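**Q** Following this message is one structure expressed as structure tokens.
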Ligand code: NAD
Ligand code: IPM
Ligand code: MN
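Numbering (the working numbering), first residue to last: 1 to 359.
Structure representation (structure tokens):
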């Protein structure tokens, strides 16, 4: 298979972990005889510094000619006081909107070998295997009016019925391939947009009689994610709730550095990126955990290219490195050896090559 992948490393640890993911894709290409053509382009703070814009037209052109996008992370203190239009994060929001990537899939799975790295008790986290389906191109992030003056500020939470329908359908379809349960998270006791959200879920439910459906208010959901995380299968929720709940859920795995994501639309085109940000506190130290970025590349293989076997090989290789007793500094465990970003990546590649030899 021949594919072109746009690689947007972005800022901070985004650069480091994306390099790891690209190395892994190259190894998969060799092993399974695929050709992945890598096309790099600028986004975020680096793009602002070099071109004056967080998402230059050249970057969009590269992405448009590609089969999928791999992204690192954007942002950092250098640009925190820029006006809104010139913030690195604007580049990320703009690329999601430009390509209509409304479905953000954020799987959260406990790695058996690393369960005691979680601050939660092992019996709570050991069965966790959930998929957070976050609506990504609507809600408070994009609603108009949106403005700030010295005396006041406004953000607007809007959702059309269509926007809710397509993300809810996605969640039902995913649940069918998983454990058959959808938890819809909203704030229907207060927000009009949530009342419509709940109505749509109730309507769609009749088309999926095989799926168990529950509604939970977002505040209670935040609590239940910690007290009963293994009770969830697919969680579907609006943009901001999904952003917050997914960082919370990362704690179950022991680190934000473990969580991959894919942002896709109906035709399978997608952008793949870790859930975490540019981590300015550890950037440049070669200590970031590359697992989230590498597992995001695995999601690309599966969701955009339909390469299930290759995706599974990547996942297995990452989990084997943990099983063999290695980790990075964010997810330490007694008896495990702490590796740098590059050394951890090399171990993943060694695993992939070892699997290859034993095929
Ligand atoms: P962050 O996710 O960058 O970091 C939060 C904490 O998690 C930090 O302590 C960091 O060291 C740690 N962490 C994150 N990724 C890690 C990894 N791979 N390995 C080990 N530890 C890791 O969130 P933040 O500090 O709130 O934000 C920093 C910047 O990143 C901000 O500018 C923010 O807007 C941006 N951001 C970007 C994205 C993205 O590009 N998708 C996502 C979140 C935040
Ligand atoms: C994420 C990030 C982004 C978001 C920011 C950087 C705009 O937090 O991908 O989770 O809020 O969507
Ligand atoms: Mn976030």
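Backbone N, C-alpha and C define an ideal beta-carbon position, used for all residues, glycine too. None of these values were measured; they are calculated from a predicted model.
#1: From the DSSP output, in three-state form, read off residue 209 for me.
#2: Which full runs of the alpha helix (DSSP H) of 4+ residues lie inside the segment 237-309, going along the chain?
#3: With 16 other CB atoms within 10 Å as the buried threshold, where does residue 83 fall?
#4: What did DSSP end up calling residue 39 once you bin it into helix, strand or coil?
#5: With a Cβ-Cβ cutoff of 8 Å, do residue 260 and residue 17 count as a contact?
#6: May I ask whether a heavy atom of the ligand IPM can be found less than 7 Å away from the beta carbon of residue 182?
#7: Decide if residue 70 is buried, meaning its Cβ has at least 16 other Cβ atoms within 10 Å, or exposed.
#8: What would DSSP say about residue 153, mapped onto helix, strand or coil?
#9: Nearest to residue 153 by CA position, among 79, 163 and 145, is which residue?
#10: What do you reckon, are the CB atoms on residue 67 and residue 5 nearer than 8 Å?
#11: When you measure from the CB of residue 21 to every non-hydrogen atom of the ligand NAD, does any distance come out below 7 Å?
#12: Which of helix, strand or coil does DSSP assign to residue 98?
#13: Tell whether a beta-carbon distance below 8 Å holds between residue 221 and residue 196.
#14: Tell me the rounded alpha-carbon separation between residue 242 and residue 98.
#15: Kindly indicate the opening and closing residues of the beta strand (DSSP E) around residue 184.
#16: How should residue 163 be labelled, buried or exposed, when 16 other C-beta atoms within 10 angstroms of its C-beta is the threshold for buried?
#17: Can we say the segment 169-186 touches the segment 203-217, given the rule of at least three CB pairs closer than 8 Å?
#18: For residue 243, is the beta carbon positioned less than 7 Å from some heavy atom of the ligand MN?
#19: Cβ-heavy atom distance between residue 11 and the ligand MN below 7 Å?
#20: Are the CB atoms of residue 292 and residue 315 within a distance shorter than 8 Å?
#21: Mind checking whether residue 317 and residue 348 have CB atoms under 8 Å apart?
#22: Roughly how many whole angstroms lie between the Cα atoms of residue 53 and residue 86?
#23: Confirm, please, whether the CB-CB distance from residue 341 to residue 35 is below 8 Å.
#24: Under a Cβ-count criterion, where at least 16 other Cβ atoms within 10 Å of its own Cβ denotes burial, should residue 207 be classed as buried or exposed?
**A** Reading it off the structure:
#1: Three-state DSSP puts residue 209 in coil, outside helix and strand.
#2: As far as the segment 237-309 is concerned, its whole alpha helix (DSSP H) runs of at least 4 residues are 239-253 and 291-303.
#3: Under a 10 Å Cβ-count criterion, residue 83 is classified as exposed, with fewer than 16 other Cβ atoms of the shown protein chains found around its own Cβ.
#4: In this structure, DSSP gives residue 39 an extended state, which the three-state scheme calls strand.
#5: Remark: C-beta atoms of residue 260 and residue 17 do not approach each other more closely than 8 Å.
#6: False, no ligand heavy atom lies under 7 Å from that Cβ.
#7: The residue in question, residue 70, is buried, as its Cβ has 16 or more Cβ neighbours within 10 Å.
#8: When secondary structure is reduced to three states using DSSP, residue 153 falls in the strand class.
#9: Closest option to residue 153, Cα to Cα, is 145.
#10: Annotated as proximal: residue 67 and residue 5, with beta-carbon spacing under 8 Å.
#11: No, since every heavy atom of the ligand NAD falls outside the 7 Å radius drawn around the Cβ of residue 21.
#12: In the structure shown, residue 98 sits in a helix (DSSP, three-state: H, G or I).
#13: In this structure, residue 196 does not lie closer than 8 Å to residue 221 by Cβ.
#14: Distance between the alpha carbons of residue 242 and residue 98: 20 Å.
#15: Per DSSP, residue 184 belongs to the beta strand (DSSP E) from 181-186.
#16: Buried, since its Cβ has 16 or more Cβ neighbours within 10 Å.
#17: Contact annotation: the segment 169-186 touches the segment 203-217, with at least three C-beta pairs closer than 8 Å.
#18: Within the cutoff, so yes.
#19: Residue 11 has its Cβ no nearer than 7 Å to any heavy atom of the ligand MN.
#20: One thing to note: residue 315 has its Cβ no nearer than 8 Å to the Cβ of residue 292.
#21: Yes. Within cutoff.
#22: C-alpha separation (whole angstroms): 7 Å.
#23: No, the Cβ-Cβ distance between residue 35 and residue 341 is not below 8 Å.
#24: By the neighbour-count rule (16 or more Cβ atoms within 10 Å), residue 207 is not buried but exposed.
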